[in-house]
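Those letters in the sequence shown? Residues 604 to 1068, per my numbering, in order. Backbone N, C-alpha and C define an ideal beta-carbon position, used for all residues, glycine too. Note that the structure is predicted; figures quoted are calculated from it, not measured. Written out below as structure tokens is the structure these notes cover.
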Amino acid sequence: MIKKSRRKLVQFYFFSDVLTIAAGFFLTFWLRFHSGLLGAPKGIPAFQKYLLVLAFCMFFQVVYFASRGFYRIRLRQNRLDDLFATLANTLVCAVVTLLVFSYLNSYDFTGFEISHVFLALYVPVITAAIFLGRLAIFRFFRNVFMRRNGVSRILIAGDCELGRLMAEKLGNYTHFGIEVVGFLGDGEGSDILGGYDRLEKVVKNHQVTDLFIALPLSRIQTIESLIRRANNLLLDIRLIPDILQIASLKAGMEHIEGIPTINLGDIPLQGWRLFVKRGFDLAASFCGLVLLSPLFLIIALWVKLDSRGPVFYAQTRVGLDGRNFRMFKFRTMVQDAEKSTGAVWSPPDDDRITRAGRVMRRYSLDEWPQLLNVLKGDMSLVGPRPERPEFVMEFRDNIPRYMLRHRVRTGMTGWAQVHGLRGNTPLDQRIEFDIYYIQNYTFRLDLEILWRTVLKFKFIDAANR
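Take a look at the structure:
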């Protein structure tokens, strides 16, 4: 939850910087050439000529800011330091802009000479615009966004000195949406909410989102138990190591006020990768729905003529962060097929399957409406296949790391499916493939999975029901 909040603030800062640079540029141009405060002995240039300067400044300044760590969020914000850093970086941008356009003008690439007075005005105007924009974004994030989207409610397992120090450090940043609700431990005290065996109850009663574990390695069994149970609760988990050897774990290392923590929920699908994946999902699902709409009508008519009942079938599945959603399919069974049996696995020879349903299942035609789920954001084109809540409740306690599948959006097809792990294949093998996908995600891997799905003449996995 902490990392999600910081990532969201980075996105706000990025868009704020882009907008304020553009607005500041327009203001600078007006002050220099149209306000009447300064003369223009060489005449007033057409603004269209300066659009190239705007594009360069916007691109260079954002990239330079990123390289200088301007999009790394610190819990402790020093506004004076931020102001001077913004001034220095904007000055560098102005100097580089002058050098680049002077060089281009020497070869007559631009057809105009950039005004030195314009650049002199650009530095203070842009500095003020970026600084004030970020200040407004931070206050909006703190006072509006965090209140509407919730805070990071942290539970610390271990009431030792290190755990107390961590709580003290985090307690300084309630403005960032961070709240320490208390401790799990063996001792007594008003802030100790229970023993380690009461994790589930404490999480439910106090709406905990993050678990910090501050226990020595001598309590390794307790640590393993807490990690396993916290994974089932979809908590963000961090270890506060007491010795350096824990740094050898394959997990994301973060420092919070000088204290190293290990983020056991760290996955590659974050930040710009998540943005690219979601953008691709939106574009592909929209195009797919448009292109396949004539076939949708034909299939809908076929389903209606083949058997009584609705064309579509909406079933509750478990998706990102353990949230339930309604997954759409073309109906392939007789109406009210589960009225007497409840949630059960459907074998290939199930007599409840209609004639049209058998053909649709064979070629995965019944899954096409899930493009609507992708467009809505319930699912992705590629990801672990979603399961029904009844099965999730059963599997999470019996299969290690099962709930890690819900760290990402579920998909229409996945790494397990293109390896032939479909239907009633061993579930533990499918989970291992799903976890491999999550821990080794790249956009290229998504494209490979989609391509291998197409080669099998399948657009999705038809057997995971």
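Beta-carbon contacts of residue i that lie in its chain and below 7 Å, excluding the five residues immediately before and after
i	result
residue 1031	1002
residue 879	1046
residue 985	1014, 1016, 1017, 1049, 1052, 1053
residue 817	759, 760, 761, 763, 765, 766, 769, 843
residue 1012	922, 923, 982, 983, 986
residue 603	The structure shown does not extend to residue 603, since the chain is modelled only from 604 through 1068, so no value can be given for it.
residue 873	610
Nearest-angstrom beta carbon gap, residue j and residue i [assumed within contact, 8 Å]
i	j	result
residue 698	residue 635	Their Cβ separation, rounded to whole angstroms, is 18 Å, which puts residue 698 and residue 635 out of contact at 8 Å.
residue 621	residue 665	7 Å
residue 754	residue 782	5 Å
residue 616	residue 729	So it is not a contact: roughly 15 Å between Cβ atoms.
Straight-line gap, residue i to residue j (C-alpha atoms, nearest Å)
i	j	result
residue 920	residue 968	19 Å
residue 802	residue 736	42 Å
residue 1005	residue 971	26 Å
residue 908	residue 917	19 Å
residue 795	residue 805	10 Å
residue 993	residue 927	11 Å
residue 637	residue 609	41 Å
residue 822	residue 840	17 Å
residue 1044	residue 671	27 Å
residue 848	residue 838	Because residue 848 sits at a pLDDT of 42, beneath the cut-off of 50, its placement in the model cannot be relied upon, and the following sentence gives the value as read from the coordinates. Going by the C-alpha atoms only, they are around 24 Å apart.
residue 718	residue 663	19 Å
residue 957	residue 887	30 Å
residue 716	residue 883	41 Å
residue 614	residue 661	16 Å
residue 962	residue 877	35 Å
residue 934	residue 959	9 Å
residue 977	residue 894	15 Å
residue 980	residue 864	31 Å
residue 912	residue 891	26 Å
residue 936	residue 1029	25 Å
residue 675	residue 682	15 Å
residue 939	residue 973	21 Å
DSSP bridge partner residues for residue i (one or two, in chain order)
i	result
residue 1013	982
residue 968	Partner(s): none; residue 968 has no beta bridge.
residue 936	956
residue 1031	Bridge partners of residue 1031: none, in fact.
residue 782	756
residue 816	760, 842
residue 795	786
residue 990	921
Sequence-distant residues of the same chain with beta carbon closer than 6 Å to residue i, five excluded per side
i	result
residue 758	784, 811, 814
residue 799	787, 825
residue 1008	987, 1037
residue 870	1010, 1041
residue 903	914
residue 850	Here residue 850 scores only 42 on pLDDT, less than 50, and its place in the model should not be relied on; the value that follows carries that caveat. Excluding sequence neighbours, residue 850 sits near nothing in its chain.
residue 832	802
residue 1033	1019, 1024
residue 726	693, 694, 697
Close-in-space but distant-in-sequence residues of the same chain around residue i (CB under 8 Å, 5 per side omitted)
i	result
residue 732	623, 624, 626, 627, 630
residue 685	734, 737
residue 828	799
residue 641	634, 635, 720
residue 1000	835
residue 990	920, 921, 998, 1067
### Message
Report the start-end ranges of each beta strand (DSSP E) in the segment 740 to 771 that is 3 residues or longer and not cut off at the edges.
### Response
755 to 760
### Task
Jot down the residue ranges of each uninterrupted alpha helix (DSSP H) in the segment 647 to 726, minimum 4 residues, whole runs only, in chain order.
650 to 670, 682 to 709
### Task
Could you tell me which uninterrupted beta strand (DSSP E) segments, each at least 3 residues in length, are contained entirely in the segment 896 to 939, listed from first to last along the chain?
915 to 921, 927 to 933
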